[in-house]
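The structure under discussion appears below in the form of structure tokens.
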Amino acid sequence: MSKINVAVLGATGSVGQRFIQLLENHPYFQVTHLCASENSAGKTYADVMKKRWKISGDIPKYARDIIITLPDPKITQGVKLAFSGLDASIAGEVETSFAEAGINIISNSKNHRMVENVPLLSAEVNANHLDVISGQKTPGKIVTNSNCTIMGVTISLKPLYEKFGIESVMLFSMQAISGAGYPGVPTMDILGNVVPFIGGEEDKAEIEPLKCLGRTEGGKIINADFKISAHCNRVPVFDGHTVCVSVKFKKKPTESEILEAWSSFKGEPQELKLPLAPDFPILYRQEEDRPQPRLDLETGRGMTTVVGRLRPDPILDWKYVVLSHNTVRGAAGAAILNAELMYRKNLL
């Protein structure tokens with residue numbers, strides 16, 4: 033199979049930068065178009081990003097001389113797939129225009145997430161949800177990522193939900209400032225502080241895992257049947273969302289049963305040995321003070337969900353801590369893994 037030409041929409045933003053980094057020398061995809069706003073269009077990516085490249089390492093050589101264009105399907109000739117890191121204020125209309133033009137879209141934006149025949153895809157969790165894209169009327173299909181906060185949470189819940197059933201979940205997030213994009217949270221608001229509000233975040237944290245863990249029926253996705261209560265907070269950490277999770281189960285598992293469920297969990301990305309798939313989607317740390325963003329964030333090249341501190345919960349049943357890389361596993365990396373899965377399934 034030959035490489036597929038792809039575009040990155042919102043290429044100058046924080047998620048767009050991560051796409052460009054992770055797509056360097058990719059075996060399936062070749063970046064031919066970088067798209068951004070009118071302020072950047074017509075200039076080389078290197079010229080625009082001289083002072084705006086904010087992730088470790090230099091701008092990949094392949095991207096430096098690409099001329100930025102507007103996110104318009106009429107301009108992106110020869111592209112079969114577009115990765116979208118667009119802001120939600122414009123993403124819905126732009127992504128629909130690409131799908132109407134026959135270009136597949138994998139989006140990090142919230143705009144299409146809750147459409148009943150659009151998968152909220154987490155490749156190890158719900159690969160079968162790709163079945164519903166045949167019900168989309170556009171020639172190009174739209175697939176979305178979940179919110180970055182609940183990506184690792186949903187992965188950690190998947191084997192537990194399958195084996196023991198879930199009645200309810202309580203989660204408390206400590207979210208990195210990179211999740212707010214660039215320039216993000218003002219310095220005087222976040223340094224030495226915790227901000228106990230992130231607009232729209234708790235609603236997404238309470239509903240999106242239910243769609244991810246749902247079932248397909250009649251070409252639609254039916255949500256899972258438990259409830260989630262979420263508290264979402266911004267903390268002065270650059271990368272890495274940490275979430276404290278408490279779970280009430282239908283069938284009461286033992287500690288060893290939970291640990292075995294996590295350690296044995298694998299999905300189609302591992303079976304297919306997809307390029308960005310971690311060997312183990314979930315890694316449990318035995319230390320009493322792990323996971324920590326500073327120590328554990330790059331596990332599995334940032335694609336592994338790191339879990340720790342499993343212990344009894346006096347109100348529910350069990351509680352634990354989840355760490356995931358919000359711009360890799362929770363955004364660009366997850367989207368690329370979804371695209372790799374679609375590539376191997378001949379859905380592109």
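All residue numbers for the sequence shown refer to my numbering, where the first residue is 33 and numbers rise by one.
Here a beta-carbon is modelled for each residue, glycine too, at the ideal position from N, C-alpha and C.
No experiment lies behind these values; they were computed from the predicted model shown.
Among ILE99, GLU156, LEU41, LYS169, nearest to LEU189 - alpha-carbon criterion: As a position in the sequence shown, residue 189 is number 157, starting the count at 1. Comparing Cα positions, the closest option is GLU156.
Where the alpha helix (DSSP H) containing GLU125 begins and where it ends: The residue labelled residue 125 in the question sits at position 93 within the sequence shown. Start and end: 120–132.
Pair within 8 Å by beta-carbon distance, ILE135 and PRO105: In the sequence shown, residue 135 corresponds to position 103, counting from 1. In the sequence shown, residue 105 corresponds to position 73, counting from 1. Yes, the pair counts as a contact, with Cβ atoms nearer than the cut-off.
Sequence-distant residues of its chain with Cβ nearer than 6 Å to GLY48 (five each side left out): Residue numbering aside, residue 48 sits at position 16 when the sequence shown is read from its first letter. So the list reads VAL40, GLY42, GLY117, once near-sequence residues are dropped.
Contacts around LEU223, its chain only, beta-carbon distance under 7 Å, and the 5 residues preceding and following it disregarded: Counting from one through the sequence shown, the residue named residue 223 turns up at place 191. For LEU223, where only same-chain residues beyond five positions count, the Cβ hits under 7 Å are PRO268.
Assigned secondary structure, TYR60 (DSSP; H/G/I helix, E/B strand, else coil): Reading the sequence shown from its first residue, position 28 is the one you call residue 60. It is coil, neither helix nor strand.
Residue from GLU148, GLN207, SER88 whose Cα sits closest to the Cα of ASP164: One-based indexing of the sequence shown puts residue 164 at position 132. The question names Asp, but residue 164 in the sequence shown is Val. Ranking GLU148, GLN207, SER88 by Cα distance to VAL164 puts GLU148 first.
VAL354 to GLY74 span [Cα, whole Å]: For the purposes of this step, residue 354 is taken as residue 322 along the sequence shown, with counting starting at 1. For the purposes of this step, residue 74 is taken as residue 42 along the sequence shown, with counting starting at 1. So the alpha carbons of these two residues sit roughly 42 Å apart.
Contiguous beta strand (DSSP E) assignments of at least 3 residues, all confined to the segment 258–310: 259–266, 273–281
Contacting residues, own chain, Cβ-Cβ under 6 Å from LYS280 (five flanking each side not counted): As a first step, residue 280 is located in the sequence shown; it is residue number 248 there, counting from the start. Closer than 6 Å at Cβ, skipping near neighbours: GLU199, SER200, LEU348, ASP349.
Strand pairing of ALA39, partner residues [DSSP]: Position 7 of the sequence shown, counting from 1, holds the residue named residue 39. In DSSP, ALA39 forms a bridge with HIS65, ALA114.
Own chain residues within Cβ distance below 8 Å of ARG376, not counting five before or after: Numbered from its first residue, the sequence shown carries residue 376 at position 344. Excluding residues within five positions, the ones whose Cβ falls inside 8 Å are LEU304, LEU306.
Sub-8 Å separation of GLY334 and GLY365 beta-carbons: The residue given as residue 334 occupies position 302 in the sequence shown. The residue given as residue 365 occupies position 333 in the sequence shown. Yes, they are a contact pair.
Complete runs of the alpha helix (DSSP H) confined to the segment 309–379 [at least 4 residues]: 325–328, 365–376
Residues that ASN136 bridges to, as DSSP identifies them: In the sequence shown, counting from the first residue as 1, residue 136 sits at position 104. According to DSSP, which records beta bridges pairwise, ASN136 is partnered with LEU113.
Contact set for PRO151: own chain, Cβ-Cβ below 8 Å, skip 5 residues either direction: Walking along the sequence shown from the start, residue 151 turns up at place 119. Result list for PRO151: ASN158, HIS161, LEU162, VAL164, ILE165, VAL175, THR176, ILE253, in chain order.
Straight-line gap, ILE290 to ALA262 (C-alpha atoms, nearest Å): Here residue 290 corresponds to residue number 258 of the sequence shown, with the count starting at 1. Here residue 262 corresponds to residue number 230 of the sequence shown, with the count starting at 1. If I take the Cα positions, the gap works out to 22 Å.
When PHE51, THR76, HIS58 are compared against ASN140, the one with the closest alpha-carbon: Stepping through the sequence shown from its first residue, residue 140 is reached at position 108. Among PHE51, THR76, HIS58, the Cα nearest to that of ASN140 is on PHE51.
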